[in-house]
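In my numbering, the protein residues as written are 625 to 793.
Positions of the beta carbon are idealized from the N, C-alpha and C atoms, including for glycine.
Below is one structure, written out as structure tokens, with a few remarks after it.
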């Protein structure tokens, strides 16, 4: 039996929209700048426990949210306070590994793996959960939006269910 005939889909007015698009040198520069801005902020906060690089690049109307807990804040003052709590409560022996990145001229989507020893409470991630002393890994997706050289919005979606399972809950 012969295979059924297939008809190629055609976009009205020409080729598919992405066929003709090009990333210009100016766009490449913007993408590098956005990546560098977020990398510097994240390295300071998560690798060195220093919120200053992140707070220095917050936009006036910044929104920072840790999901599913809802921790974070809106505005530089509230977000700065949240980042100070995160930096002060980072667990021991922590490492952060970026698994993948997708970006454009305004946004970054990073998939990251955090590995650490659960040696004290993490109020922004697992509020009310006493330290277990276990070495664990948790995956997260960080969605960052940048406007005019400033972080305008950040949402971190943590795999809290996987983390709780790894901690024995």
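Give the C-beta separation of residue i and residue j to the nearest angstrom, bearing in mind that I take them to be a contact with Cβ-Cβ under 8 angstroms.
i	j	result
residue 703	residue 686	5 angstroms
residue 737	residue 761	6 angstroms
residue 767	residue 733	5 angstroms
residue 743	residue 716	5 angstroms
Quick one: what does DSSP say residue i is sitting in, helix, strand or coil?
i	result
residue 661	helix
residue 786	helix
Provide the residue span of the alpha helix (DSSP H) that contains residue i, from first to last.
i	result
residue 705	700-712
residue 678	676-679
Do you know offhand how far residue i's Cα is from residue j's?
i	j	result
residue 723	residue 680	26 angstroms
residue 720	residue 783	15 angstroms
residue 669	residue 757	22 angstroms
residue 694	residue 710	13 angstroms
residue 673	residue 747	15 angstroms
residue 699	residue 657	22 angstroms
residue 649	residue 791	47 angstroms
residue 749	residue 651	35 angstroms
residue 707	residue 647	34 angstroms
Is it true that the CB of residue j sits closer than 7 angstroms to the CB of residue i?
i	j	result
residue 689	residue 769	no
residue 678	residue 659	no
residue 691	residue 787	no
Return the first residue and the last residue of the beta strand (DSSP E) that residue i is part of.
i	result
residue 734	731-741
residue 673	No beta strand (DSSP E) contains residue 673, which DSSP labels as neither H nor E.
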